[in-house]
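J.: Supplied in structure tokens, the structure appears directly below.
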Amino acid sequence: MGWSSWNYYGDRINEKIIIDTIDNMVSSGLRDAGYIYVNIDDGWQKYKGSRADHPLVFDEKKFPRGIKYLADYAHAKGMKLGIYSGPGNTTCAGYTGSQGNEKADAKMFASWGVDHLKYDSCCSHQQASQKVLKQVFGDMSQALQASGRPVVFHACHCGWQNIWQWGNSVGANQWRIGQDISDDFNYPGNREGYYFDVLDMIDRGVGLEQYSGKGHWNDYDMLIIGLHGHSKELVGTGASDTEYRTHFSMWSILSSPLLIGASLDNLTKEDLDTLKNKEIIALNQDALGLQAKRYVSNGDLQIFAKPLADGSWAVALLNRSGQTAHMTLNFHQDLDLPWTKVMVRDLWQHKDLGTFGDSYQAEVQSHEAKMLVIRSGW
Ligand code: GLA
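Here the sequence shown stands for residues 983 to 1360, numbered as in the working numbering.
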């Protein structure tokens, strides 16, 4: 859990933005809610163009005191710092990559005190075979391990080449399952023929549950909550508070990394309430570390669920349609649960709803996900 600079700022980043973000995460309570990582995405590097022609150094106009200063600053506040590079000669935004310099770069990141590396091959290796990809990600993973510093390793390849099948074997701790998210809940088709909206991303993850688990996660991409169509970088027209809540609920029950993508200055009270809902976050951070499966798919009415470490189950009743719907969760038929009586709790109302026999029925608004925890009533 944390924050990443890309979804709002793109490469228009600097030291002040990172320091203000760290301070804001502390004062807003986001750090204490679990958002620990502050990840600098593409655009911290000084040079654009090929690594063969330029060194990889920070841009001292944007980051006058360098990256180590920021890592120290984050650590002093009980947080962690992330950085970005890629296996190509250039990164996606055209800055110098790490190609041929993996060991030296990993050492440099470690010497700065960096805790997370997003290593992005989406643009430089779009056509690459699995073999080549395994090689380049494996090289950086080993280089990080040789650096002696524990660094979370994000192998970012936009969900191509079935990376979920082999990401773990090359030392990746997370990998994107899809192309970049746009600030949309449900855009018809792919915006600009490329971007995924919230529902596209949810669909993409169905069937990939087995590949996600502790230390190696399917990554549904950075959150769009709080962008409201005003990102300096991402396309998209924004979503309603209900849709942002559903997005957050689903990323949580699906055990995706939760990386806030908005400028913290622009968050509304509703955005903050969404991001800080402890009962929803608990599904994401549950000790079993499971990704919810889709148990019911009745057109636009779908039910996702997963067991939790304490023996209860988390359930999402997702209404993707344009109208309010009555949705029924059949405990035995849908989830095959052995319990004769079932206690139901609503995680947005923060309320126990009572004990039920065979099923629970709810009115679910358009684009809402009703989030429940159910447990044996005996
Ligand atoms: C790719 C990634 C994004 C972001 C940019 C940076 O598009 O998918 O998340 O890191 O590169 O250039």
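Beta carbons are placed, not taken as given, at the ideal position from N, Cα and C, and that holds for glycine.
Because the structure is a prediction, the values reported are computed rather than measured.
Using 7 Å as the cut-off, classify the Cβ of A1075 as near or not near the heavy atoms of the ligand NAP, replying yes or no.
T.: Questions concerning the ligand NAP fall outside what the structure shown contains, since the ligands it does hold are the ligand GLA.
J.: Considering only residues of the same chain and omitting the five flanking positions on each side of D1223, which have a CB-CB separation below 7 Å?
T.: Here residue 1223 corresponds to residue number 241 of the sequence shown, with the count starting at 1. The residues are E1252.
J.: Run the CB neighbour count on E1042, radius 10 Å, all protein chains shown included, and call it buried at 16 or more, exposed below.
T.: As a position in the sequence shown, residue 1042 is number 60, starting the count at 1. Burial call: exposed.
J.: The beta strand (DSSP E) spanning N1083 covers which residue range?
T.: Stepping through the sequence shown from its first residue, residue 1083 is reached at position 101. N1083 -> no beta strand (DSSP E), and no H or E assigned at all.
J.: Compare the Cα-Cα distances from W1094 to each of R1131, H1229, D1121, C1074 and report the closest residue.
T.: Within the sequence shown, the letter at position 112 stands for residue 1094. Among R1131, H1229, D1121, C1074, the Cα nearest to that of W1094 belongs to R1131.
J.: Going by the DSSP bridge assignment, what does D933 pair with across the sheet?
T.: Outside the displayed range of the chain (983 to 1360) lies residue 933, so it cannot be described from this structure.
J.: Count Cβ pairs between the region 1256–1264 and the region 1305–1325 that sit closer than 8 Å; are there 3 or more?
T.: At 8 Å Cβ cutoff, the stretches do not touch.
J.: Using the three-state DSSP reduction, which class does G1048 fall into: helix, strand or coil?
T.: Taking the first residue of the sequence shown as position 1, residue 1048 is located at position 66. Three-state DSSP puts G1048 in a helix.
J.: Do M1122 and A1086 have their CB atoms nearer than 8 Å?
T.: In the sequence shown, residue 1122 corresponds to position 140, counting from 1. In the sequence shown, residue 1086 corresponds to position 104, counting from 1. Not in contact: M1122 and A1086 (Cβ atoms no closer than 8 Å).
J.: Tell me the residue span of the beta strand (DSSP E) that contains T1310.
T.: Position 328 of the sequence shown, counted from the start, is the residue given in the question as residue 1310. Residues 1307–1312.
J.: For A1298, name the three-state secondary structure that DSSP assigns.
T.: Within the sequence shown, the letter at position 316 stands for residue 1298. Note: A1298 maps to strand in three-state DSSP.
J.: Nearer than 7 Å: is that true of the beta carbon of D1041 relative to any heavy atom of the ligand GLA?
T.: If you number the sequence shown from 1, residue 1041 lands on position 59. No, the ligand GLA has no heavy atom inside 7 Å of this Cβ.
J.: At a cut-off of 7 Å, would you count W1360 as near the ligand GLA, judging by its Cβ distance to the nearest heavy atom?
T.: As a working note, residue 1360 is residue 378 in the sequence shown. Answer for W1360: no, Cβ out of range of the ligand GLA.
J.: Under the assumption that V1152 contacts H1098 (Cβ atoms under 8 Å), give the Cβ distance between them as a whole number of angstroms.
T.: Within the sequence shown, numbered from 1, the residue matching residue 1152 stands at position 170. Within the sequence shown, numbered from 1, the residue matching residue 1098 stands at position 116. Wrong, their Cβ atoms sit about 17 Å apart, outside the cutoff.
J.: Let's test the definition: count the other Cβ atoms within 10 Å of the Cβ of Y1193 and tell me whether it reaches 16, buried, or not, exposed.
T.: For the purposes of this step, residue 1193 is taken as residue 211 along the sequence shown, with counting starting at 1. It is buried - the Cβ of Y1193 has at least 16 other Cβ atoms within 10 Å.
J.: Give me the Cα-Cα distance between S1237 and T1228, rounded to the nearest whole angstrom.
T.: Residue 1237 sits at position 255 when you count from the first residue of the sequence shown. Residue 1228 sits at position 246 when you count from the first residue of the sequence shown. For S1237 and T1228, the distance between alpha carbons rounds to 14 Å.
J.: Tell whether a beta-carbon distance below 8 Å holds between N1021 and L1272.
T.: Here residue 1021 is taken as the residue at index 39 of the sequence shown, counted from 1. Here residue 1272 is taken as the residue at index 290 of the sequence shown, counted from 1. No, Cβ-Cβ distance for N1021 and L1272 is not below 8 Å.
J.: Kindly provide the ranges of any alpha helix (DSSP H) runs that are 4 or more residues long and lie completely inside the region 1055–1127, ordered along the chain.
T.: You should have 1084–1094.
J.: Please report the distance separating the alpha-carbon of K1062 from that of A1053.
T.: Taking the sequence shown and counting its residues from 1, one reaches residue 1062 at position 80. Taking the sequence shown and counting its residues from 1, one reaches residue 1053 at position 71. Rounded to the nearest angstrom, the two C-alpha atoms are 7 Å apart.
J.: Relative to the C-alpha of F1045, which residue among K1028, P1037, L1329 is closest?
T.: Within the sequence shown, residue 1045 is the residue found at index 63, counting from 1. Comparing Cα positions, the closest option is K1028.
J.: Distance, Cα to Cα, I1145 vs D1282?
T.: Taking the first residue of the sequence shown as 1, we reach residue 1145 at position 163. Taking the first residue of the sequence shown as 1, we reach residue 1282 at position 300. Whole-angstrom Cα-Cα distance: 28 Å.
J.: Since G1011 contacts K1288 with CB under 8 Å, what's their CB separation in whole angstroms?
T.: Position 29 of the sequence shown holds residue 1011. Position 306 of the sequence shown holds residue 1288. Between K1288 and G1011 the Cβ distance is about 27 Å, and since that is not below 8 Å, they are no contact.
J.: For M1183, which residues in the same chain have their Cβ closer than 7 Å to its Cβ, ignoring the five residues on either side in sequence?
T.: Here residue 1183 refers to the residue found at position 201 when the sequence shown is read from its first residue. Contacts found: G1160, I1163, Y1202, D1203.
J.: With a Cβ-Cβ cutoff of 8 Å, do M1165 and G1082 count as a contact?
T.: In the sequence shown, counting from the first residue as 1, residue 1165 sits at position 183. In the sequence shown, counting from the first residue as 1, residue 1082 sits at position 100. The sequence shown places Asp at residue 1165, not Met. Cβ distance not < 8 Å, so D1165 and G1082 don't count as in contact.
J.: Along the chain, where does the alpha helix (DSSP H) that runs through G1187 open and close?
T.: Working through the sequence shown from its first residue, we reach residue 1187 at position 205. Per DSSP, G1187 belongs to the alpha helix (DSSP H) from 1180–1187.
J.: Could you tell me whether any non-hydrogen atom of the ligand GLA is closer than 7 Å to the CB of Y1066?
T.: By 1-based counting over the sequence shown, the position of residue 1066 is 84. The answer is yes for Y1066.
J.: How big is the Cα-Cα spacing for L1299 and L1246?
T.: Mapped onto the sequence shown, residue 1299 falls at position 317. Mapped onto the sequence shown, residue 1246 falls at position 264. For L1299 and L1246, the distance between alpha carbons rounds to 29 Å.
J.: Output the distance between the C-alpha atoms of S1213 and L1205, rounded to the nearest integer angstrom.
T.: Reading the sequence shown from its first residue, position 231 is the one you call residue 1213. Reading the sequence shown from its first residue, position 223 is the one you call residue 1205. In a straight line, the C-alpha of S1213 is about 12 Å away from that of L1205.
J.: Compute the minimum distance between the beta carbon of D1334 and the heavy atoms of the ligand GLA, and state whether it is under 7 Å.
T.: The residue labelled residue 1334 in the question sits at position 352 within the sequence shown. D1334: no, Cβ never under 7 Å from the ligand GLA.
J.: Which whole-angstrom value describes the C-beta separation of L1270 and G1243, a residue pair presumed to lie in contact below a C-beta threshold of 8 Å?
T.: Position 288 of the sequence shown holds residue 1270. Position 261 of the sequence shown holds residue 1243. That belief does not hold up - the Cβ atoms of L1270 and G1243 are roughly 27 Å apart, past 8 Å.
J.: Hey, is D1185 close to the ligand GLA, as in C-beta under 7 Å from one of its heavy atoms?
T.: Translated into the one-based positions of the sequence shown, residue 1185 becomes position 203. No, Cβ of D1185 sits at least 7 Å from all heavy atoms of the ligand GLA.
J.: Please confirm whether any heavy atom of the ligand GLA lies closer than 7 Å to the CB of D988.
T.: Walking along the sequence shown from the start, residue 988 turns up at place 6. Here residue 988 turns out to be Trp, not Asp, going by the sequence shown. Yes; taking the cut-off as 7 Å, the Cβ of W988 has a heavy atom of the ligand GLA nearer than that.
J.: Kindly examine the ligand GLA and report whether one of its heavy atoms sits closer than 7 Å to the Cβ of D1361.
T.: With the chain covering 983 to 1360 only, the question about residue 1361 has no answer from this structure.
J.: Identify whether T1219 lies in helix, strand or coil by the three-state DSSP scheme.
T.: Residue mapping note: residue 1219 aligns to position 237 of the sequence shown, counting from 1. Coil at T1219, not helix or strand.
J.: Just to confirm, is the Cβ distance from N1280 to S1348 under 8 Å?
T.: By one-based count along the sequence shown, residue 1280 stands at place 298. By one-based count along the sequence shown, residue 1348 stands at place 366. It is not a contact, given that the beta carbons lie outside the stated cut-off.
J.: If you draw a straight line from the C-alpha of V1297 to the C-alpha of E1350, how long is it?
T.: Walking along the sequence shown from the start, residue 1297 turns up at place 315. Walking along the sequence shown from the start, residue 1350 turns up at place 368. If you take the alpha carbons of V1297 and E1350, they lie about 13 Å apart.
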